[in-house]
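Visitor: The sequence shown begins at 1324 in the numbering used here and counts up one residue at a time. My questions all concern the structure below.
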Amino acid sequence: MIKLIGILIIVIGFALKLNAISIVMAAGVVTGLVGGMTIPEILTTLGDTFVSNRYMAMFIITLPVVGVLEKNGLKQVAGDLIGKLKKATPGLIAIGYTAIRGALAAFNVSFGGVAGFIRPVICPMAEASVEKDGVKLEEEDRDTIKAMNSAAENIAWFFGQVLFIAGSGILLVKSTLEPFGYEIDPAKAVQAEIPVFVLAVVVSAIYFIMIDKKIMKKYKKKSGVKTNDK
């Protein structure tokens, strides 16, 4: 039971609102000590774990970059750009992004995901496509648009990355099944994934259109009432 003291340290540390990194480090060191590890062994384990998982923290780098871009008007520029396209709607933007994102995923090209691209670029464009008529989006509908665009990113990347012949998804399937006697040809696996990807895009597009029609109907009505009052 004493080996679980690390969990207790984390619970107490967060309850006291102490520094999160310090709490986790302390819990790891204490757990290692009660488990019979020496200080050099603990430091070696921490170092090896950090090196082997360093790419998992790369998204942290995007946060200050996105913050600087937003401070200098990235969202405004994205909104102004889409505001010039009269037929643009949140649903059409989400559908277009899903198709383009999935096609580029087939070449293992990444835009930065939800935090790096959807929030600072796509969401302002989708919101501006509604607000260009002079109406103001309600917070609930703004959240719906954010969720729709986030779904577009996740669907496109989830199904599109397997179209890359050397992608992690294909290699995972290959390495998992071959020990059991199943020979996996990556090229044939990609061919089998193409109709799955197309179906995913079509199904998501239908769902996005349903959401789009509901939102646009609501705000076109608001825009018409406002115009008539003038």
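Virtual Cβ for every residue (Gly too), placed ideally from N, Cα, C. Just so you know, these numbers come straight off a predicted model, no measurement behind them.
Closest to LEU1327 by C-alpha separation, out of VAL1353, LEU1341, LEU1339, would be which residue?
Guide: Considering only alpha carbons, the answer is VAL1353.
Visitor: When the distance is taken between beta carbons, is GLY1336 closer than 8 Å to ILE1346?
Guide: A contact, by the Cβ cut-off of 8 Å.
Visitor: So for VAL1548, helix, strand or coil by DSSP?
Guide: Only weak support is given to the placement of VAL1548: the predicted model assigns it a pLDDT of 44, under 50, and the question is left unresolved by the model.
Visitor: The alpha helix (DSSP H) with THR1412 in it runs from where to where?
Guide: Counting along the chain, THR1412 falls outside any alpha helix (DSSP H), and DSSP gives it neither H nor E.
Visitor: For GLN1484 and ILE1507, what's the separation of their Cα atoms in angstroms?
Guide: Going from the Cα of GLN1484 to the Cα of ILE1507 covers about 17 Å.
Visitor: May I have the straight-line CA-CA distance separating PRO1363 from ALA1338, to the nearest angstrom?
Guide: Distance between the alpha carbons of PRO1363 and ALA1338 is about 30 Å.
Visitor: Put MET1533 into one of helix, strand or coil per three-state DSSP.
Guide: Looking at MET1533 - three-state DSSP - the assignment turns out to be helix.
Visitor: Would you call ASP1535 buried or exposed, if buried means 16 or more other Cβ atoms sit within 10 Å of its Cβ?
Guide: By the neighbour-count rule (16 or more Cβ atoms within 10 Å), ASP1535 is buried.
Visitor: If you reduce the DSSP assignment to three classes, tell me which class LEU1331 lands in.
Guide: Residue state, collapsed to three classes: helix.
Visitor: Going by DSSP in three states, LYS1459 sits in which element: helix, strand or coil?
Guide: Coil.
Visitor: Hey, how far is the Cα of LEU1495 from the Cα of ILE1365?
Guide: Cα-Cα distance, rounded: 31 Å.
Visitor: If I measure Cβ to Cβ from ILE1488 and keep anything under 6 Å in the same chain, skipping five residues before and after, which residues do I get?
Guide: Excluding positions up to five away in sequence, the list reads PRO1509, VAL1513.
Visitor: Would you call ASN1342 buried or exposed, if buried means 16 or more other Cβ atoms sit within 10 Å of its Cβ?
Guide: Flag for ASN1342 reads exposed.
Visitor: Could you tell me the distance, in whole angstroms, from the CA atom of ILE1468 to the CA atom of ILE1333?
Guide: Rounded to whole angstroms, ILE1468 to ILE1333 spans 36 Å at the Cα level.
Visitor: DSSP three-state call for LYS1553: helix, strand or coil?
Guide: Annotation note: pLDDT 44 at LYS1553 (below 50); position unreliable, coordinate value reported separately. In the structure shown, LYS1553 sits in coil (DSSP, three-state: anything other than H, G, I, E or B).
Visitor: Flag this pair as touching only if the stretch 1420 to 1434 and the stretch 1454 to 1462 have three or more C-beta atom pairs under 8 Å; answer yes or no.
Guide: The stretch 1420 to 1434 is not in contact with the stretch 1454 to 1462.
Visitor: The alpha helix (DSSP H) spanning SER1452 covers which residue range?
Guide: Run containing SER1452: 1446 to 1454, per the alpha helix (DSSP H) assignment.
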